[in-house]
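Just so you know, the protein sequences line up as chains Y and S, in that order.
Start counting at 1 in the first sequence, then tack on 58, and there's your number in the working numbering.
Start counting at 1 in the second sequence, then tack on 58, and there's your number in the working numbering.
Glycine residues also receive a C-beta, built at the ideal position from the N, C-alpha and C atoms.
This structure is a prediction, so every number in the text was calculated from the model and none was measured.
There are 2 protein chains.
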Amino acid sequence: MRLGRSGLAGRVGPDYTTGPLRPRLPDRPAIGYNLDDTPWSDRQQESAVPPRRQADALVIGGGIIGLLIARALHQKGLTVIVLDRDQPGRQASWAAAGIVGDAAPWDPSPPALLHRRSVALYPTLAAALRAETGLDIEYTTPGWLIPALSPDEAQALHQQAVQGQAAGYDLAFVQGAELRALEPALGERVIGALLLPGGQVDNRRLVRVVEIALRQADVPIVSGAGVLAIRQQGGRVTGVHTLLGDFSAPVVVNAAGSWAGQIAGCAPPVPVVPQRGQILALRQGPIPLRRVVQKIGDPYLVPRLDGRIVVGATREYVGYDASLTAGGVAWLLQSALDLVPSLAEAPLVELWTGFRPMSPDGLPIIGPAALDGLYYATGHGPNGIGTAPATAEIVAALVTGAPSPIPLEPFSPFRFGEKGAPAPKGH
Amino acid sequence: MRLGRSGLAGRVGPDYTTGPLRPRLPDRPAIGYNLDDTPWSDRQQESAVPPRRQADALVIGGGIIGLLIARALHQKGLTVIVLDRDQPGRQASWAAAGIVGDAAPWDPSPPALLHRRSVALYPTLAAALRAETGLDIEYTTPGWLIPALSPDEAQALHQQAVQGQAAGYDLAFVQGAELRALEPALGERVIGALLLPGGQVDNRRLVRVVEIALRQADVPIVSGAGVLAIRQQGGRVTGVHTLLGDFSAPVVVNAAGSWAGQIAGCAPPVPVVPQRGQILALRQGPIPLRRVVQKIGDPYLVPRLDGRIVVGATREYVGYDASLTAGGVAWLLQSALDLVPSLAEAPLVELWTGFRPMSPDGLPIIGPAALDGLYYATGHGPNGIGTAPATAEIVAALVTGAPSPIPLEPFSPFRFGEKGAPAPKGH
């Protein structure tokens with residue numbers, strides 16, 4: 059494993075502030091912050107006048123991966139600046155459905171471990187953010203149902219339950235009256251279901267609350283700071299060149315999601331492409347859905363604490379075309395109605411799209427790159443929300459010279475070769 | 059027939075202006091007016107300071123029916139004030155799909171005549187509005203297809219074509235290669251189609267352009283002037299009481315659409331209820347749709363000159379609940395895809411709802427009411443855009459003592475009895 063090559067273990071970052079100090083926020087209660095979709099005023103202020111240009115670490119990308127990495131590095135004592143090409147938390151992290159769960163608790167592979175460790179970290183994260191900001195990310199674990207719509211699916215899920223139970227895990231195959239009692243909203247086409255632990259987080263709140271926690275901790279998050287290139291000297295990172303000028307640090311983390319491959323000077327290349335997801339929200343129908351319901355082959359229904367059900371999502375390779383389509387939305391709605399017919403009269407309250415950062419093999423790209431001090435944390439595909447806490451823990455460990463809590467080989471930035479693999483094809 | 063009871067034939071309205079004169083617009087080209095969805099600044103100005111409080115006629119409702127009536131009365135020489143509870147042209151007239159056509163040219167019934175006469179008036183209306191404002195309402199007549207999706211439907215439509223042709227009308231039943239050549243976008247499920255003359259108007263433009271034409275002619279359109287009650291004296295209308303105070307006129311036309319039944323003092327009652335329509339717009343797919351396609355039992359697809367296809371609409375009695383629903387949108391999209399499969403990747407660019415003003419028998423309510431000087435013009439259901447020009451012509455004739463161009467018995471305000479009939483039920 060390539061760990062800690064540019065470790066900063068034990069360093070407590072001095073304040074490299076070179077520009078005018080960012081004005082302190084008045085001492086107001088955190089719950090007064092605006093959680094809705096309008097920009098938070100500090101963002102624009104920071105865009106215009108980056109408060110600092112030098113730090114122990116620069117994080118490229120203000121999505122949930124980048125923000126939690128910045129938080130983890132800050133907690134290790136490093137000074138950090140987050141650079142976002144746009145506004146933080148408004149791309150995949152905002153578009154996601156927020157499922158948090160461990161679908162295969164018996165699976166010892168690193169991708170499963172990444173999920174499992176994140177699931178284990180979520181309660182602590184939610185509590186810490188609540189304590190720091192007074193805000194709730196609405197992380198809940200009502201359970202997770204994989205419905206069977208055919209005898210074949212039922213048999214496969216039943217077998218999975220038997221194996222899981224034999225190995226001591228908390229899952230069950232439910233059907234008939236038991237299933238109706240557990241989840242009365244499911245329609246007759248659902249003949250059985252695998253019941254797993256798991257749940258969801260309101261990912262829009264999550265990313266906003268982490269942003270607020272960072273700002274409270276005086277970690278600058280610079281909007282409109284699209285990173286054009288990595289700066290280096292003698293094989294070692296020295297910072298980045300952005301649309302807002304240069305920033306300097308001995309550590310740079312590329313957590314730019316679907317845009318991670320567009321930054322010059324990254325070696326090896328980051329072969330991440332955007333995968334479009336179309337997604338929508340209904341209000342609960344007359345029979346409330348209680349658990350996350352994830353159909354084999356999608357879509358999924360995620361009931362939120364605010365009374366919405368998020369229904370997602372398509373998986374399409376169409377570049378950065380953010381359109382909703384007739385076929386995509388028809389499929390989402392029809393599939394949701396197949397699973398929960400009583401949603402027919404449920405108000406359709408929002409539709410949107412997002413871009414999942416997809417690597418050629420569908421696994422995240424996490425670890426040190428070829429340049430000393432450069433790290434990647436992207437390519438989380440459909441699982442960014444579910445795996446962000448463990449990813450942040452891993453990157454913070456690597457940067458500070460500690461061992462990764464889980465094996466990283468499958469996530470190596472070098473696994474695609476020096477040129478990166480071709481982009482995935484298909485719909 | 060009850061015609062011309064309160065005729066004002068030959069009167070040329072004096073200027074009753076009592077308040078400060080409305081400031082003249084600068085002499086700017088009409089094409090500079092804002093056609094998009096933001097409020098036109100003059101509206102707000104007029105809301106705050108109604109320019110006049112007295113006129114020859116008050117028109118309640120700034121939808122397409124009310125605006126065209128105001129235009130027709132103004133052209134007859136009357137002074138007119140339009141009163142809208144909200145903003146003009148933002149309810150059913152804005153929500154509609156804008157189909158203009160004569161589906162049964164052999165039908166001599168008054169409802170068919172109302173359609174036919176409106177179809178005949180549209181080219182002149184479009185040309186006049188263009189001349190007055192420099193703006194185009196995009197009235198086009200590419201034809202109108204009623205597709206057959208089953209042998210039964212095909213046989214019925216074929217028979218209709220034979221009968222229509224025998225009576226000398228321009229319609230045809232097309233199938234096979236001929237149909238594919240006419241409309242290559244139609245999918246394989248369409249086995250034939252009745253081809254009729256007809257087309258569509260961009261109804262959002264229409265209502266905006268008529269509003270602009272009226273404002274250019276100094277006809278006040280007062281926003282936010284919800285009418286609470288009809289004022290009368292000795293069996294004769296004297297004006298209305300509104301949220302913005304009283305307005306006076308010897309003629310009042312209730313063209314308040316789905317809200318026409320909420321105005322006190324209307325005798326007989328106006329038993330109109332809102333019928334919700336859910337409707338959406340796609341961008342054209344790879345094989346452009348050329349004609350209006352209207353499935354038996356809905357929905358319909360209306361190709362616009364701006365590259366959109368409007369797909370509508372549900373017919374639901376849910377009061378004034380303006381929600382879109384999962385079932386409604388799924389049905390619209392799936393039906394559109396059944397007719398035109400190549401729309402699967404077409405961007406879904408807008409979804410909205412509107413309220414059709416529905417009378418108990420589904421026919422418009424047009425004619426004089428019990429009070430001298432009070433007229434009704436509402437209840438046009440799904441056909442408001444298609445029948446507005448003839449409705450305006452009729453009301454202007456009645457008000458000025460001229461005969462109606464078509465028989466009005468089926469539209470009589472008195473046909474539901476003194477209490478109005480019960481509201482229709484069903485989905």
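Item	Value
Buried or exposed for Y:Thr182, please, with buried defined as at least 16 other CB atoms from any protein chain shown within 10 angstroms of its CB.	exposed
Mind checking S:Tyr434: buried by the 16 CB within 10 Å criterion, or exposed?	buried
I need the DSSP call for S:Trp164, collapsed to helix, strand or coil.	coil
Taking the straight line between their C-alpha atoms, what separation do you get for S:Ser470 and S:Glu451?	16 Å
Using the Cβ count rule (16 or more neighbours within 10 Å means buried), how would you classify Y:Val220?	exposed
The alpha helix (DSSP H) spanning S:Asp396 covers which residue range?	384 to 397
Considering only C-alpha positions, which residue in the set Y:Leu253, Y:Ile337, Y:Leu237, Y:Pro329 is nearest to Y:Gly407?	Contrary to the premise, residue 407 of chain Y reads as Val rather than Gly in this sequence. Taking only the C-alpha atoms, the option nearest Y:Val407 is Y:Ile337.
Return the Cβ separation of Y:Leu340 and Y:Pro405 in integer angstroms, given the expectation that the two are a contact with Cβ distance under 8 Å.	7 Å
For Y:Pro405, go through chain S and note every residue whose CB falls closer than 7 Å to its CB, in chain order.	Ser381, Leu382, Thr383
If you pair each beta-carbon of the region 309 to 319 of chain Y with each one of the region 142 to 150 of chain Y, do three or more pairs fall below 8 Å?	yes
If you measure from the beta carbon of Y:Val368 to each beta carbon in chain S, is any gap under 8 Å?	no
Can you list, in chain order, the residues of the region 335 to 364 of chain Y whose Cβ is nearer than 7 Å to any Cβ on chain S?	Leu340
At what residues does the alpha helix (DSSP H) containing Y:Thr445 begin and finish?	442 to 457
In whole angstroms, what is the alpha-carbon distance linking Y:Leu421 and S:Ser417?	60 Å
What three-state label does DSSP hand S:Phe413 in the structure shown?	strand
Can you name the residues of chain S whose CB is closer than 7 Å to the CB of Y:Leu395?	Ala384, Gly385, Ala388
Just to make sure I have the definition right: I need the residues of chain Y whose C-beta is within less than 7 Å of the C-beta of S:Gln392. Which are they?	Ala388, Gln392
My guess is that Y:Leu432 and Y:Pro440 are in contact by the Cβ rule of under 8 Å, so how many angstroms apart are they, rounded?	Y:Leu432 to Y:Pro440, Cβ: 26 Å. No contact.
Where do the ends of the beta strand (DSSP E) carrying Y:Asp210 lie?	Careful: Y:Asp210 lies outside any beta strand (DSSP E), inside the alpha helix (DSSP H) at 209 to 224.
Could you compute how far the alpha carbon of S:Ala235 sits from the alpha carbon of S:Ile345?	16 Å
Tell me, please, whether the region 195 to 209 of chain Y touches the region 248 to 260 of chain Y by the rule of three or more beta-carbon pairs shorter than 8 Å.	yes
Go to S:Leu359, then tell me how far its beta strand (DSSP E) extends in each direction, as first and last residue.	358 to 361
Is there contact between the region 352 to 361 of chain Y and the region 162 to 174 of chain Y, where contact requires at least three CB pairs shorter than 8 Å?	no
Starting from the beta carbon of Y:Leu401, find every residue of chain S whose beta carbon is closer than 7 Å, and list them in chain order.	Ala384
For Y:Arg238, report the span of its alpha helix (DSSP H) as first-last.	234 to 240
Specify, as a first and last residue, the run of the beta strand (DSSP E) that S:Gln320 falls within.	Where S:Gln320 is concerned, there is no enclosing beta strand (DSSP E), given that its DSSP letter is neither H nor E.
For a test of the three-state rule: what should DSSP assign to S:Gln274, helix, strand or coil?	helix
Mapping DSSP to helix, strand and coil, what is S:Val267?	helix
For my contact list, Y:Ile118 and Y:Val265 are in at a C-beta cut-off of 8 Å; report their separation, rounded to the angstrom.	The pair is not a contact, with the Cβ atoms about 16 Å apart (cut-off 8 Å).
Roughly how many angstroms lie between the CA atoms of Y:Val158 and Y:Gly444, to the nearest whole one?	5 Å
Hey, how far is the Cα of S:His216 from the Cα of S:Gln112?	56 Å
Just tell me which of S:Val248, S:Gly335, S:Gly284 has its CA closest to the CA of S:Glu211.	S:Val248
Measuring alpha carbon to alpha carbon, tell me which of Y:Ala162, Y:Gly156, Y:His299 ends up nearest Y:Arg349.	Y:Gly156
Check S:Pro109 in the structure and name its three-state DSSP category.	coil
Where does S:Ser487 fall in DSSP's three states?	Lying outside 59 to 485, the shown extent of chain S, residue 487 of chain S is not represented and no answer is given.
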